[in-house]
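Just below is one structure, and these are the notes that go with it.
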Amino acid sequence: MSGKKRITLSPVLKEHKFIYDLMKNTTSDYAFMMDPVEGIFLASPSFVRAYDLPAETLENISGVLGPFVYMQDRKPLASLFASVNSLTEGRERQLDFRMRDAKGNLSWLRLKGKIGLAKDGTPNLFAGTISQLARRNSADSVTGLLNRYQFVEDLTAALRTARETGGGGGLLVMGVDNFRTVNEAFNHEVGDIILRQISERILQNIPRGLSLYRLDGDEFGLIYPDADEEMLTEFFIRVQREFAHPQVYDGRQYIVTVSAGMVFYPQSARDPLILHKYAQAALDAAKSGGKNRLSAFSKEVYNRWLRSLTIQEQILQDVKAGCRNFELYFQPQVAGDDRHIVGAETLLRWKNSKGRMVAPMEFIKILEETKTIVPVGRWIFEQALRTCKEWRRSIPNFSMSVNMSYEQIKDLSFLEFIDDCLKRHDMPPDSVVLELTESKIVGDMKFVNARFDAFRSHGIKVAMDDFGTGYSSLASLKNLNCDIVKIDRAFVIRILENHFDQKLVEYTVDLCHSIGMTTCIEGVERPEEYDCLVKICKTDTIQGYLFGRPEPQEAFEKKFLGL
Numbered sequence: 002m003s004g005k006k007r008i009t010l011s012p013v014l015k016e017h018k019f020i021y022d023l024m025k026n027t028t029s030d031y032a033f034m035m036d037p038v039e040g041i042f043l044a045s046p047s048f049v050r051a052y053d054l055p056a057e058t059l060e061n062i063s064g065v066l067g068p069f070v071y072m073q074d075r076k077p078l079a080s081l082f083a084s085v086n087s088l089t090e091g092r093e094r095q096l097d098f099r100m101r102d103a104k105g106n107l108s109w110l111r112l113k114g115k116i117g118l119a120k121d122g123t124p125n126l127f128a129g130t131i132s133q134l135a136r137r138n139s140a141d142s143v144t145g146l147l148n149r150y151q152f153v154e155d156l157t158a159a160l161r162t163a164r165e166t167g168g169g170g171g172l173l174v175m176g177v178d179n180f181r182t183v184n185e186a187f188n189h190e191v192g193d194i195i196l197r198q199i200s201e202r203i204l205q206n207i208p209r210g211l212s213l214y215r216l217d218g219d220e221f222g223l224i225y226p227d228a229d230e231e232m233l234t235e236f237f238i239r240v241q242r243e244f245a246h247p248q249v250y251d252g253r254q255y256i257v258t259v260s261a262g263m264v265f266y267p268q269s270a271r272d273p274l275i276l277h278k279y280a281q282a283a284l285d286a287a288k289s290g291g292k293n294r295l296s297a298f299s300k301e302v303y304n305r306w307l308r309s310l311t312i313q314e315q316i317l318q319d320v321k322a323g324c325r326n327f328e329l330y331f332q333p334q335v336a337g338d339d340r341h342i343v344g345a346e347t348l349l350r351w352k353n354s355k356g357r358m359v360a361p362m363e364f365i366k367i368l369e370e371t372k373t374i375v376p377v378g379r380w381i382f383e384q385a386l387r388t389c390k391e392w393r394r395s396i397p398n399f400s401m402s403v404n405m406s407y408e409q410i411k412d413l414s415f416l417e418f419i420d421d422c423l424k425r426h427d428m429p430p431d432s433v434v435l436e437l438t439e440s441k442i443v444g445d446m447k448f449v450n451a452r453f454d455a456f457r458s459h460g461i462k463v464a465m466d467d468f469g470t471g472y473s474s475l476a477s478l479k480n481l482n483c484d485i486v487k488i489d490r491a492f493v494i495r496i497l498e499n500h501f502d503q504k505l506v507e508y509t510v511d512l513c514h515s516i517g518m519t520t521c522i523e524g525v526e527r528p529e530e531y532d533c534l535v536k537i538c539k540t541d542t543i544q545g546y547l548f549g550r551p552e553p554q555e556a557f558e559k560k561f562l563g564l
């Protein structure tokens, strides 16, 4: 026998049930009746099925619906049911709220009902319908916000109004900075919860009468009629303040910031899709400019964004075609004492569809953002190892340094791939050095050290690149599990004029040697810099334009190997 309490209809609900039955059989909406005195709620069978409710006859309706209702809407819904006792006859109550159905999908509903009174004038019946809202059911299932489709409809309507009235307004597209990092630190399910928290924080600052839209991923939109630059800027500053301090989820802190792009209509565009693109271009400029900032649309901003999209499209095509149009360049590394060549650093170059070289800082950023750096990184390693094997015929202990992305470090199958490459090419592990920039190392020292230890246990040397660019101190070297420290040109650039810089380089090299690391000083461009370095320290290797610029394979072989 079930332990569940069977709830019976109150006399007033029994009295009016024929009207209720008529309602539920003649409308596509969900009919309901409620006895506010007894606290009994009668829900239509279709509503019970759609939202997986425990029964048609329910007590404590606010408590029953609460777990299914969107958090922000629970209090208003409970207040509505609690206020029924104080309403007068014929008084109508209406509320729009969000609720998850049996499949977990969030949808907007509208509860609409009227009050009936007993003979003594007290409310004894609340009856009406709960309907699906066609417009508002463009709701995003994660955040409960209106989605991209409704955004386009509403932006179209705003542009139409501006055309008819001669007015205008602003469009703001916001993006959460580094949200992918938050997703990876927790997991995607928790990431959805955090995204919902973020959207609620933004929503708190939305001016009355306006809507916030979830567009794609971690992007949000705000259509702001009659707004000028000052108004949008003031709104964005309020949003910035919301995220000025670490956020907390389940006892764990996380840090997020928000960037935004703004554009104004109708002067910038009269088409909703074009206007949205312009705002996205401005958002991209804000993120590229350092994040946690607001950027305004301009033709220059848009052209840079289009160029970036074009590069991205071409790169993805080239990666699919087996890294077509990619090429390796090599820069020599020489011994610190006698300047003989001991190795080279591998540098990636790429030509666009017109055969023009694109700056590495442009296309490498795109490779990392799209994670295509993982397959491209494997292609680089394979080509570099093959080339190293050829060059070892001329210089037996020649080693090849290969730059790694943090995305490759996170690829737990990368070490297996390296081992397989070394076996296939019959090369020893010490023929390659894996380099990772200092900023990536210091950002997650514990994880990177674990990965470095895995590489080193297989005999592969690892190096910290660009040491001294501002992310760490000399003291951090003791916590770093690497073999080589590459000292950035920032140490070298004033070495001839500044005694302090001379002592700093000398001390850094000596410290590395004392803890079993070797050093490579980068960016040596003049003979006087080399002479000074030789006098003050005994660095293991040196690299820079003085000894050779990056060259393609054939040119490198002719110039440095005599092949």
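Heads up, the sequence shown is in this note's numbering, so the first residue is 2 and it goes up one at a time.
Cβ coordinates follow ideal geometry from the N, Cα and C atoms, glycine included.
Here the structure is a predicted model, which is why all the values come from computation and not from measurement.
Start and end residues, beta strand (DSSP E) containing residue i
{"i": "Met35", "result": "Tyr31 to Asp36"}
{"i": "Asp467", "result": "Lys462 to Phe468"}
{"i": "Gly222", "result": "Glu220 to Pro226"}
{"i": "Cys422", "result": "Counting along the chain, Cys422 falls outside any beta strand (DSSP E), though it belongs to the alpha helix (DSSP H) covering Phe415 to Arg425."}
Reference residue i, options the options, closest by Cα
{"i": "Asp466", "options": "Lys411, Ser309 and Ile485", "result": "Ile485"}
{"i": "Asn1", "options": "Leu423, Val143 and Ser84", "result": "A question about residue 1 goes unanswered here, because the residues of the chain that appear run from 2 up to 564."}
{"i": "Pro273", "options": "Val320, Thr157 and Arg350", "result": "Thr157"}
{"i": "Ile367", "options": "Pro247, Gln313 and Pro551", "result": "Gln313"}
{"i": "Lys321", "options": "Ala51, Phe98 and Thr371", "result": "Thr371"}
{"i": "Gly170", "options": "Glu231, Lys539 and Thr28", "result": "Glu231"}
{"i": "Thr166", "options": "Asp97, Tyr266, Lys390 and Ser260", "result": "Tyr266"}
{"i": "Ile488", "options": "Glu498, Leu481, His341 and Cys521", "result": "Cys521"}
{"i": "Asn480", "options": "Asn148, Ile516 and Val403", "result": "Ile516"}
{"i": "Lys536", "options": "Arg425, Ala556, Lys504 and Val257", "result": "Lys504"}
{"i": "Ile381", "options": "Asn404, Phe364 and Gly563", "result": "Asn404"}
{"i": "Leu216", "options": "Leu276, Phe152 and Asp227", "result": "Phe152"}
{"i": "Ile224", "options": "Asn188, Phe19, Leu147 and Arg197", "result": "Leu147"}
Assigned exposure category for residue i - 16 Cβ within 10 Å defines buried
{"i": "Asp412", "result": "buried"}
{"i": "Lys278", "result": "buried"}
{"i": "Glu523", "result": "buried"}
{"i": "Thr9", "result": "exposed"}
{"i": "Leu349", "result": "buried"}
{"i": "Met2", "result": "The pLDDT assigned to Met2 is 38, lower than 50, so where the model puts this residue is not dependable, and the model offers no usable value."}
{"i": "Asn304", "result": "exposed"}
{"i": "Val544", "result": "Sequence inspection shows Gln at residue 544; the Val mentioned does not correspond to that position. Flag for Gln544 reads buried."}
{"i": "Tyr150", "result": "exposed"}
{"i": "Gly4", "result": "Because Gly4 sits at a pLDDT of 47, beneath the cut-off of 50, its placement in the model cannot be relied upon, and the following sentence gives the value as read from the coordinates. With fewer than 16 Cβ atoms within 10 Å of its Cβ, Gly4 is classed as exposed."}
{"i": "Lys25", "result": "buried"}
{"i": "Ala464", "result": "buried"}
Three-state secondary structure (DSSP) of residue i
{"i": "Lys18", "result": "helix"}
{"i": "Glu93", "result": "strand"}
{"i": "Pro333", "result": "strand"}
{"i": "Thr311", "result": "helix"}
{"i": "Ser3", "result": "Confidence at Ser3 is low in this model, with a pLDDT of 44, below 50, so the placement of that residue should be treated as unreliable; the coordinate-derived value is given next. Coil at Ser3, not helix or strand."}
{"i": "Cys533", "result": "helix"}
{"i": "Glu498", "result": "coil"}
{"i": "Pro267", "result": "coil"}
{"i": "Ser200", "result": "helix"}
{"i": "Lys104", "result": "coil"}
{"i": "Asp178", "result": "strand"}
{"i": "Ala56", "result": "coil"}
{"i": "Glu165", "result": "helix"}
{"i": "Gln544", "result": "strand"}
{"i": "Asn125", "result": "strand"}
{"i": "Gly517", "result": "coil"}
{"i": "Phe364", "result": "helix"}
{"i": "Val80", "result": "According to the sequence shown, residue 80 is Ser rather than Val. Looking at Ser80 - three-state DSSP - the assignment turns out to be helix."}
{"i": "Ser63", "result": "helix"}
{"i": "Ala491", "result": "helix"}
{"i": "Phe327", "result": "strand"}
{"i": "Asn565", "result": "As shown, the chain starts at 2 and ends at 564. That puts residue 565 outside it, with no answer to give."}
{"i": "Met428", "result": "coil"}
{"i": "Leu295", "result": "strand"}
{"i": "Arg350", "result": "strand"}
Extent of the continuous alpha helix (DSSP H) run through residue i
{"i": "Arg239", "result": "Glu230 to Glu243"}
{"i": "Asn450", "result": "Met446 to Ser458"}
{"i": "Asn377", "result": "Inspection of the sequence shows that residue 377 is occupied by Val rather than by Asn. Element bounds for Val377: Ile374 to Trp392."}
{"i": "Gln281", "result": "Pro273 to Ser289"}
C-beta neighbour in chain D for residue i, strict 8 Å
{"i": "Lys288", "result": "Of the chains in the structure shown, none is chain D; there is only one protein chain."}
- On the three-pair Cβ rule with 8 Å, is the stretch 527 to 538 touching the stretch 490 to 501? yes
- Query: Quick check: the stretch 200 to 209 against the stretch 281 to 290, are there 3 or more CB pairs under 8 Å?
  - Reply: Contact fails: fewer than three Cβ-Cβ distances are below 8 Å.
- Decide yes or no for the touch test of the stretch 327 to 334 against the stretch 299 to 311: beta carbon pairs closer than 8 Å, at least 3 of them. no
- Query: Is the stretch 352 to 359 in contact with the stretch 336 to 344, if contact means three or more CB pairs nearer than 8 Å?
  - Reply: The answer is no - the stretch 336 to 344 does not touch the stretch 352 to 359, with fewer than three Cβ pairs under 8 Å.
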